[in-house]
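Scroll down for the structure; my scribbles are underneath it.
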Amino acid sequence: MFDLDPNDALLTSAKTGQGLEHVLPAVIERMPPPTGNRNSPLRMLLLDSYYNEYKGVICHVAVVDGTLLKGDKILSAATGQSYEVLDVRIMHPELTPTGILLTGQVGYVVSSMPSTKEARVGDALYQSRSIAEPLPGFKPVKHMVFSGVYPIEGSDFEALNHAIERLTCNDASVSVTKESSTALSLGFRCGFLGLLHMDVFHQHLEQIIHNFSYALSVYYIVVDHLHVKLFRYVGPVITLCSERRGEQLEYTFIDSPRAFMKYRLPLREIVIDFHNELKIITSGYGSFDYEDSEIKAYRKDVVVRCEGGGDVNWKRKLLEKQKNGKKRMLRVGSIDIPQEAFHQLFKVS
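Once you know that position 343 of the sequence shown is 343 in UniProt numbering, the rest is easy, because the numbers rise by one and skip nothing.
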């Protein structure tokens, strides 16, 4: 399943402690050493970050080239912002101050970064005074699941805002934008990496504030790029896309075991559980990416009053259609639905 030679596998158990004494020697023997150059300009890879109430943002970094010293100025390739290095530490096994990180080392950097939102996982960090080649492979986080979060009472909006800000301090992968709904009033639109990520965030939010509801709803069409590594999974993937109202745009073979498919699907069909379903039916071998598609223009008949000319019958037909539309709008618009009804509708047990 994992394309692994059984003779190379280690028999270990973290629960019982069996075979743990063989893990570190195997890492030293089998893993290649760092290939960086200590004399080259500084290049670091940002691995993770979290917020500390006393020290601020603490970044977990790996030094690819060069040397990092306390007091250096570092520059983010993703945001273009510059920060001062206030402290440098390594795990030994606790956070131990060293003041320096060398090529190949992994450590923690405390800087003047104000928020974890600026610490993007996979970002490259350089010294401000030097010019270095960028690290390949960095892409901004693309969210797979979206959720609207709204307070039950309008007076709880600020409390909900504070709770979300508190959680996102230690989880920069969550995107948060304010939005307004006619039915649910002011709220927030949150993007997550998957269903599990969303569920964990909602559980943590419930521990801070109880009076909120959330709804999974989107309205835009996207183009979906599917990569299937094994040919035997192509059929189930096509069935999945067809069930999600997908329109196939492209279907090509990359090589003998891999295929590439391009579909146009409604975003609401992929933001809830499409990612999980794809992983299940392909045993983890399938992956996908998406991008916005152009929304076609919607036809709208407009009648204007003009002097003379034109087909009278055609004008009467449009006027009659307009009258029927106004009657339908008045009939629907006159219904008064309380806001609590929408919260109960979107409430998830």
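Note that the Cβ used here is the ideal one computed from N, Cα and C, for glycine as well.
Taking residue i and residue j to be in contact with their CB atoms under 8 Å, please state how far apart those CB atoms are, rounded to whole angstroms.
i    : j    : result
G148 : R189 : 6 Å
L45  : V64  : 6 Å
Y150 : L195 : Contact flag wrong, Cβ pair sits at about 20 Å.
P172 : D123 : Going by the sequence as given, residue 172 is Ala instead of Pro. Not really, about 11 Å apart at Cβ, beyond 8 Å.
I74  : Q127 : 6 Å
V27  : T12  : Wrong, their Cβ atoms sit about 12 Å apart, outside the cutoff.
G66  : R38  : 7 Å
L186 : F157 : 5 Å
Check the DSSP bridge columns for residue i and list the partner residues they point to.
i           : result
Y108        : H60 and R89
Y50         : I58
I100        : L69
residue 356 : This structure does not reach residue 356, given that the chain is present from 1 up to 349, and the question cannot be answered.
L45         : A62 and A124
S82         : L75
S213        : Y150
L95         : M91
Should residue i go down as buried or exposed, given a rule of 16 or more other Cβ atoms within 10 Å for buried?
i    : result
S349 : Confidence at S349 is low in this model, with a pLDDT of 43, below 50, so its placement is unreliable and no value can be given for it.
E247 : exposed
I280 : exposed
F260 : exposed
T282 : buried
L319 : exposed
L10  : exposed
F288 : buried
G191 : buried
A54  : This sequence places Tyr at residue 54; Ala is not what is there. Exposed, because fewer than 16 other Cβ atoms sit within 10 Å of the Cβ of Y54.
L265 : buried
L125 : buried
L330 : exposed
L278 : buried
L160 : buried
Residue i CB to nearest chain B CB: under 8 Å?
i   : result
M31 : Given the protein chain composition of this structure (a single chain), no chain B is represented.
Do residue j and residue i have their beta-carbon atoms positioned less than 8 Å apart in this structure?
i    : j    : result
F201 : V174 : yes
V85  : T98  : no
G107 : G36  : no
R244 : I209 : no
S115 : Y83  : no
M198 : V145 : yes
G286 : V237 : yes
H60  : L42  : no
H143 : L101 : no
S213 : I152 : yes
Let me check understanding here. Comparing Cα to Cα, which of the options lies closest to residue i?
i    : options                   : result
L69  : I90, D289 and M198        : I90
D8   : D292, P140 and R30        : R30
N52  : K321, C169, N324 and R232 : C169
V110 : F212, D72 and N324        : D72
E250 : L186, R166, L167 and K262 : K262
H162 : L205, L267, S283 and P33  : L205
D273 : A62, L240 and E291        : L240
S155 : N313, N211, K15 and K117  : N211
E118 : Y50, S213, L20 and S180   : Y50
Q207 : R166, K178 and S181       : R166
P257 : S242, R232 and K139       : R232
Y290 : V234, L267 and A14        : L267
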